[in-house]
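Residue numbers for the sequence shown follow the UniProt record's numbering, beginning at 1 and rising by one.
Beta carbons are placed, not taken as given, at the ideal position from N, Cα and C, and that holds for glycine.
As structure tokens, the structure follows; a few thoughts come after it.
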Amino acid sequence: MITEPEIVESPAQTIAFIHTTVPRAEIMAAMNAGLEELSAVLKAQAVVPTGPWFTYHFRRPNETFDFRICFPVDAEIKPTGRVEAGQLAAATVARTIYSGNYTGLAAAWGQFMNWIEEHRYNTREDLWERYLVNPDTSAQPEDWRTELNRPLA
1 MITEPEIVES
11 PAQTIAFIHT
21 TVPRAEIMAA
31 MNAGLEELSA
41 VLKAQAVVPT
51 GPWFTYHFRR
61 PNETFDFRIC
71 FPVDAEIKPT
81 GRVEAGQLAA
91 ATVARTIYSG
101 NYTGLAAAWG
111 QFMNWIEEHR
121 YNTREDLWER
131 YLVNPDTSAQ
141 PEDWRTELNR
151 PLA
């Protein structure tokens with residue numbers, strides 16, 4: 001389900017993002033709409049992302065998702081509409097890769113958090129998921145790869 005987790009240094013990244021807060025039931029619609037809006041603004045500004053898109057969550061989601069839909073970029077973008085410029089700070093993180101359909105992400109996070117607890121790491125509240133192989137790059141859910149990141153305190 002997940003690869004063997006590891007502790008790595010995640011470098012700071014310049015990002016373009018949309019911040020949104022939505023109920024759990026609306027997460028997919030909000031993500032899709034936000035991703036389209038963010039992509040359109042980057043295209044209009046002739047900015048090419050420097051890596052795969054990701055979602056940055058201020059805390060582990062429960063019934064509400066408070067998060068940013070992000071693309072890493074090589075230079076600050078001009079804020080437009082809901083799209084803002086920002087930074088993902090450098091951090092020491094626990095990291096693993098989940099393979100499969102997004103319906104299995106909650107279980108993957110559970111397995112990952114169990115590993116973190118078993119190894120007695122203290123974590124911050126925030127986390128992020130980077131969509132390495134996603135529906136835009138493969139129509140087959142079994143090919144999807146999601147990088148799970150949990151910063152250490």
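Start-to-end residues for the beta strand (DSSP E) that takes in A91: A91 to S99
R120 versus F65 - alpha carbon distance: 26 Å
Closest by C-alpha distance to A30, when choosing among A153, Q111 and T55: Of the candidates A153, Q111 and T55, the one whose C-alpha sits nearest the C-alpha of A30 is T55.
C-beta atoms of I97 and T3 nearer than 8 Å: yes
Identity of the residues DSSP links to N62 by a beta bridge: In the DSSP output, where bridge partners are listed per residue, N62 has none listed.
Euclidean distance between Cα positions of N114 and A108: 10 Å
Euclidean distance between Cα positions of V41 and E118: 43 Å
Run of the beta strand (DSSP E) containing A10, from where it starts to where it stops: Looking at the sequence provided, one finds Ser at residue 10 rather than Ala. Note, S10: beta strand (DSSP E), E6 to S10.
Boundaries (first-last residue) of the beta strand (DSSP E) holding I18: According to the DSSP assignment, I18 belongs to the beta strand (DSSP E) that extends over Q13 to P23.
Assumed close pair F58, D136 - CB separation to whole angstroms, cut-off 8 Å: About 25 Å separates the two Cβ atoms, so there is no contact after all.
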